[in-house]
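Novice:
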Amino acid sequence: MIDETALATLLAATHGADAPLGQIGQSGQARVGGSVPPPIVQSSLFTFDSYQAFADRMSGKTSSPIYTRVQNPTVAAFEDLMAKAERGEAAIGFASGMAAISSTLLAYVKPGDRIACVEHVYPDTFRLMERLLRPFGVEVEYHPVSAFENDPELLAGVTIAYLESPSSNTFEVMNLPRVTEHAKRHGAVTMIDNSWAGTLFQRPLTLGVDIVLHSASKYISGHSDTVAGVVVSSHDHIARIRDLTVPLLGAKLAPFEAFLLTRGLRTLVARMRQHEATANLFVDRLSVLPQVRKIRSPGPNDVPGLTGRSGLMGVEFDDSVDIPAFCDALTHFKLGVSWGGFESLVMPARIGLAQAGEQNSMQKFGVSPNLVRLNLGLEEAEDLWADFATALAASQR
Ligand SMILES: *Cc1c(COP(=O)(O)O)cnc(C)c1O
Numbered sequence: 000m001i002d003e004t005a006l007a008t009l010l011a012a013t014h015g016a017d018a019p020l021g022q023i024g025q026s027g028q029a030r031v032g033g034s035v036p037p038p039i040v041q042s043s044l045f046t047f048d049s050y051q052a053f054a055d056r057m058s059g060k061t062s063s064p065i066y067t068r069v070q071n072p073t074v075a076a077f078e079d080l081m082a083k084a085e086r087g088e089a090a091i092g093f094a095s096g097m098a099a100i101s102s103t104l105l106a107y108v109k110p111g112d113r114i115a116c117v118e119h120v121y122p123d124t125f126r127l128m129e130r131l132l133r134p135f136g137v138e139v140e141y142h143p144v145s146a147f148e149n150d151p152e153l154l155a156g157v158t159i160a161y162l163e164s165p166s167s168n169t170f171e172v173m174n175l176p177r178v179t180e181h182a183k184r185h186g187a188v189t190m191i192d193n194s195w196a197g198t199l200f201q202r203p204l205t206l207g208v209d210i211v212l213h214s215a216s217k218y219i220s221g222h223s224d225t226v227a228g229v230v231v232s233s234h235d236h237i238a239r240i241r242d243l244t245v246p247l248l249g250a251k252l253a254p255f256e257a258f259l260l261t262r263g264l265r266t267l268v269a270r271m272r273q274h275e276a277t278a279n280l281f282v283d284r285l286s287v288l289p290q291v292r293k294i295r296s297p298g299p300n301d302v303p304g305l306t307g308r309s310g311l312m313g314v315e316f317d318d319s320v321d322i323p324a325f326c327d328a329l330t331h332f333k334l335g336v337s338w339g340g341f342e343s344l345v346m347p348a349r350i351g352l353a354q355a356g357e358q359n360s361m362q363k364f365g366v367s368p369n370l371v372r373l374n375l376g377l378e379e380a381e382d383l384w385a386d387f388a389t390a391l392a393a394s395q396r
């Protein structure tokens with residue numbers, strides 16, 4: 000089920016005379032001849048008309064863009080839409096989801112601080128914790144969802160509770176109002192990776208979470224042609240990240256990518272509706288297949304505030320299925336990482352479990368080698384199901 004007000008909010012913001020296009024107007028790039036999308040302001044710097052105007056800007060009396068590493072009108076238009084979509088006060092676009100995650104975490108932690116992180120966190124977020132933050136003296140501990148929910152003392156002395164709900168690969172959902180209540184009592188800042196929900200199916204800021212993170216490379220972009228990230232929060236939290244890690248780590252979103260993301264947002268509601276319809280069809284039909292041990296596909300009201308079922312889910316087969324043969328028998332579904340675009344994809348857990356290099360969270364916390372992640376795209380649902388069913392029949396041992 001889609002929150003219909005989301006559509007109204009996004010379109011009002013895109014077409015509205017005030018917010019994003021107004022900001023673009025500030026830089027002298029007025030809306031051209033009734034054009035619909037915001038212009039791509041492909042400029043690294045912004046000049047000033049007088050010494051006084053320059054001095055006023057540098058001393059903080061005015062707020063127009065100076066330099067694209069920190070501020071750019073096309074990027075600001077996207078940030079404004081994201082803040083509205085997530086019901087936050089402000090947002091910052093980044094060059095990738097990992098840039099958003101690392102720049103946000105680094106704005107909050109110092110040596111000796113403790114992070115409580117959910118198990119089955121996105122594999123590269125786990126590596127960020129282990130390979131970068133831990134060697135800098137940040138303590139990281141991992142807990143299952145049940146501990147976050149049921150142990151009111153878990154977050155005592157913790158600086159950051161880092162959450163992902165649903166979690167990567169296992170798709171475990173968390174009761175966010177309950178966990179954020181524990182966090183508030185202990186003064187822990189809560190951050191959540193909300194990529195799965197595509198902003199429409201879960202609004203963590205309305206459930207007590209402090210900071211929302213996204214890989215915008217997924218549903219927000221929606222076309223497998225952009226790598227980007229975004230953080231949404233209150234003015235205070237965003238000001239802290241904007242002052243500290245945005246200029247100093249410099250992983251800011253570029254204007255052309257911001258333009259693509261704004262384009263993505265304009266079709267987000269329609270796309271999410273289609274992903275959800277296909278996911279519902281798959282869940283119904285998977286649930287009666289004898290080869291399916293478990294379906295990992297959270298849906299509306301599984302936890303408070305979850306209002307939809309996205310197209311990314313896990314299916315655990317029994318031992319009768321030859322998983323490599325199943326993958327090779329698929330024709331519509333392609334094999335690959337990432338998700339959230341037009342095309343349907345499969346990602347077998349055993350490939351993640353065998354990944355080379357530093358340990359990832361799948362290896363550390365364990366997932367069934369019989370798990371296959373499905374990214375249900377925007378193709379005809381019946382074509383996808385026929386492909387899936389045919390490949391399954393062809394891969395029985
Ligand atoms: C892809 C992904 C990320 C990382 O985002 P990038 O844009 O690839 O840097 C983070 N979290 C989740 C849940 C993801 O799927």
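For the sequence shown, numbering that gives the first Met the number 0 gives the first residue as 0, with consecutive numbering after it.
Just so you know, even glycine gets a beta-carbon here, dropped at the ideal spot from N, CA and C.
(1) Looking at ASP112 and ligand 1, is the gap between the Cβ and the nearest heavy atom below 8 Å?
(2) Contact check, PRO297 vs VAL172 under 8 Å by CB: the rounded distance?
(3) Going by other Cβ atoms of all chains shown within 10 Å of its Cβ, with 16 needed for buried, is PHE258 buried or exposed?
(4) I'd like the list of long-range same chain contacts for ALA324, defined as Cβ closer than 6 Å, with 5 residues on each side in sequence excluded.
(5) Does the region 98-117 come close enough to the region 262-269 to have 3 or more Cβ pairs within less than 8 Å?
(6) Quick check on this structure: which residue in MET190, LYS183, ASN359 and VAL40 has the alpha carbon closest to the alpha carbon of ARG130?
(7) Would the region 332-349 and the region 372-390 be scored as touching if the rule is three or more Cβ pairs under 8 Å?
(8) So VAL108 packs on LEU132, CB below 8 Å; how close in whole Å?
(9) Jot down the residue ranges of each uninterrupted alpha helix (DSSP H) in the region 330-396, minimum 4 residues, whole runs only, in chain order.
(10) CB-CB under 6 Å to VAL302, same chain, minus the five flanking residues each way: which ones, in chain order?
(11) Work out the CA separation of SER166 and ALA390 for me, nearest whole Å.
(12) Who are the Cβ neighbours of LEU243 in its own chain at under 7 Å, not counting the five residues just before and after it?
(13) Buried or exposed: where does GLN22 fall if 16 or more other Cβ atoms within 10 Å of its Cβ makes it buried?
(14) Can you list the beta strand (DSSP E) stretches of 3 or more residues lying completely in the region 207-267, in chain order?
(15) Within its chain, find whatever has a CB closer than 7 Å to the CB of GLY136; leave out the 5 residues flanking it on each side and keep chain order.
(16) Identify the residues that DSSP records as bridge partners of VAL117: which are they?
Specialist: Reading it off the structure:
(1) Result no, Cβ not under 8 Å from ligand 1.
(2) 5 Å
(3) buried
(4) Exclusion of the five residues before and after ALA324 leaves SER394 as the residues of its chain whose Cβ lies within less than 6 Å of its Cβ.
(5) no
(6) ASN359
(7) yes
(8) Distance from VAL108 to LEU132 at the Cβ level is roughly 7 Å; contact confirmed, criterion being Cβ atoms closer than 8 Å.
(9) 348-352, 360-364 and 380-393
(10) VAL172 and ASN174
(11) 27 Å
(12) ALA106
(13) With a pLDDT of only 41 at GLN22, under the threshold of 50, the placement of this residue in the model should not be trusted, and no figure is reported.
(14) Within the region 207-267, the complete beta strand (DSSP E) runs of at least 3 residues are 210-214 and 228-232.
(15) PRO110 and GLY111
(16) HIS142
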